[in-house]
Every structure is written in structure tokens, then in C-alpha cells.
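Student: Protein chains in written order, with the numbering used here: chain U, 1 to 112; chain Y, 1 to 115.
#1: Going by beta carbon distance, what residues of the same chain come within less than 6 Å of residue 57/Y, once the five residues before and after it are set aside?
#2: Which two residues bound the contiguous beta strand (DSSP E) that contains residue 52/Y?
#3: What residues of chain Y sit near residue 101/U, judged by a beta carbon separation below 7 Å?
#4: For residue 59/Y, which of helix, strand or coil comes out of DSSP?
#5: Does the beta-carbon of residue 166/Y have 16 or more other beta-carbons within 10 angstroms, so that it is buried, or is it exposed?
#6: Using CA coordinates, which residue listed in 6/U, 11/U and 79/U is at the minimum distance from residue 87/U?
#7: Return the residue from the list 49/U, 39/U and 3/U that minimises the CA-CA distance to residue 74/U.
#8: Go through the region 53-88 of chain U residue by residue and report every complete run of the beta strand (DSSP E) that reaches 3 residues or more, in order.
#9: Hey, could you find the ends of the beta strand (DSSP E) residue 13/Y is sitting in?
#10: Taking the C-alpha atoms as reference points, what is the distance between residue 81/Y and residue 17/Y?
#11: How should residue 80/U be labelled, buried or exposed, when 16 other C-beta atoms within 10 angstroms of its C-beta is the threshold for buried?
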């Protein structure tokens with residue numbers, strides 16, 4: 001088995017601040033994903049990466065940057081946090097040839 | 001593009017009640033349809049997978065079926081327990097490029113089971 005770790009668990013930022021969320025997986029999976037979860041809107045894909053140093057934009061990439069420094073880690077940066085923004089950011093990973101994506105516990109963001 | 005519609009935002013049941021959640025989908029490819037469950041404070045975890053080949057999946061007392069004629073798939077459980085309280089998401093797998101494997105999620109159904 002394996003695990004996905006997301007840090008921090010809670011993130012409180014100020015409007016306009018640049019904020020970075022981190023994700024680590026020890027499944028040795030090739031593909032990693034970042035999703036945003038808002039109440040009543042399901043999960044929306046921000047970025048994904050099929051291998052180290054690869055980045056692909058999802059449906060919600062504006063306002064975000066991502067970095068796949070190595071196979072096991074995938075970072076997401078909120079380039080300018082928006083006031084009153086509140087969401088859960090979920091990291092996931094998947095091995096090639098399989099449909100199942102495994103999710104981390106999420107980082108809960110609040111912007112004051 | 002692919003889309004999934006999950007209309008039920010919240011369902012409140014009593015223990016031993018029957019649970020039924022329905023999703024409809026639109027895609028140009030052969031679909032693989034997934035059900036994820038998310039417990040409070042956790043990320044979603046795969047509950048069931050249904051493909052055009054098997055039309056049905058069963059796990060932990062839950063059953064997922066797929067109807068190609070109506071492009072719908074649903075999740076059901078005959079007798080829910082309080083521990084089944086969670087958010088349930090349907091999702092459609094789309095093979096985008098060499099390894100993208102995008103999931104298109106429904107909005108989720110919050111199931112609350114009262115003791």
C-alpha cells in the first residue's frame with residue numbers, strides 16, 4: 001500500500017498573498033493531479049502531471065502554478081489569493097494503465 | 001466534452017432505509033464510470049467501478065449499475081447504516097492523451113443517515 005500526504009492541512013492566507021501547497025506520494029505513481037473542491041461544485045481539475053517535470057493545465061488553471069520537482073512530489077501555488085476564498089485542495093495520483101486515482105486528505109484554504 | 005450530472009445535493013435517511021443515487025453522463029467514448037465516497041476530513045476513495053463490459057459492480061454492500069440506453073448510472077444500497085453517512089461522487093473516466101486519464105466528477109450527494 002501507499003499514502004498521499006498533503007501539507008499543510010489548514011492554510012490561512014491574506015488577500016493577494018502567494019500560497020504554496022505540497023503533496024507527496026509513496027505509491028511510485030507516474031501521474032499526479034491537483035483538484036479544487038467547492039461545496040456544490042464537485043471536484044475540478046487544476047493541473048496534472050504525467051511524469052517528473054511535466055505539467056498539463058486542467059479546467060481551472062488560471063490563478064495557479066504547479067511544479068513537479070520529482071516523481072513523488074507535486075506542488076501547487078495560488079499566485080494571488082482572493083479574499084473570502086474558501087476551498088479544499090485535493091492531490092491525487094495514479095499509475096499508468098489504471099483508472100483509479102488515489103486521493104490525499106486535502107488542504108483547507110481560507111483567505112481573509 | 002464529457003459531462004456528468006448528479007442532481008441530488010443531499011439525501012437524509014434512517015438506518016435500514018434504501019439508498020439510491022443517480023447520475024447521467026455524456027461522452028463520445030466508451031465510458032468507465034466510477035463511484036467515490038468521501039468521509040469527513042478525508043479525501044475521496046474509490047467505492048466502485050463499472051465498465052461497459054461488466055455493467056455492474058458490487059462492494060461493501062453497495063451496488064453500481066450502468067444503463068447505456070439512458071446514459072445513466074446509479075448507486076444503491078439496500079439497507080444503510082449510520083456509518084454510510086458521507087458524500088458520494090459519480091465520475092466519468094475520459095482517456096485524454098497518452099496518460100492523462102481525466103476524471104469528470106458530479107457535484108456530489110451528501111448522504112446523512114440518522115440512527
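Ideal Cβ positions, reconstructed from N, Cα and C, are used throughout, including at glycine. Please read all numbers here as calculations on a predicted model, not as lab measurements.
Tutor: In brief:
#1: In chain order, 48, 49, 50 and 64 place their CB closer than 6 Å to the CB of residue 57/Y, counting only its own chain and leaving out the 5 sequence neighbours on each side.
#2: Per DSSP, residue 52/Y belongs to no beta strand (DSSP E) and is neither H nor E.
#3: Simply 103.
#4: Reduced to three states, the DSSP call for residue 59/Y is strand.
#5: Residue 166/Y is absent from the structure shown; chain Y starts at 1 and stops at 115.
#6: Each of 6/U, 11/U and 79/U was checked against the Cα of residue 87/U, and the nearest Cα belongs to 11/U.
#7: Among 49/U, 39/U and 3/U, the Cα nearest to that of residue 74/U belongs to 49/U.
#8: Whole beta strand (DSSP E) segments, 3+ residues: 64-70 and 73-78.
#9: DSSP places residue 13/Y inside the beta strand (DSSP E), whose first and last residues are 10-14.
#10: Straight-line Cα distance between these residues: approximately 8 Å.
#11: Result: exposed.
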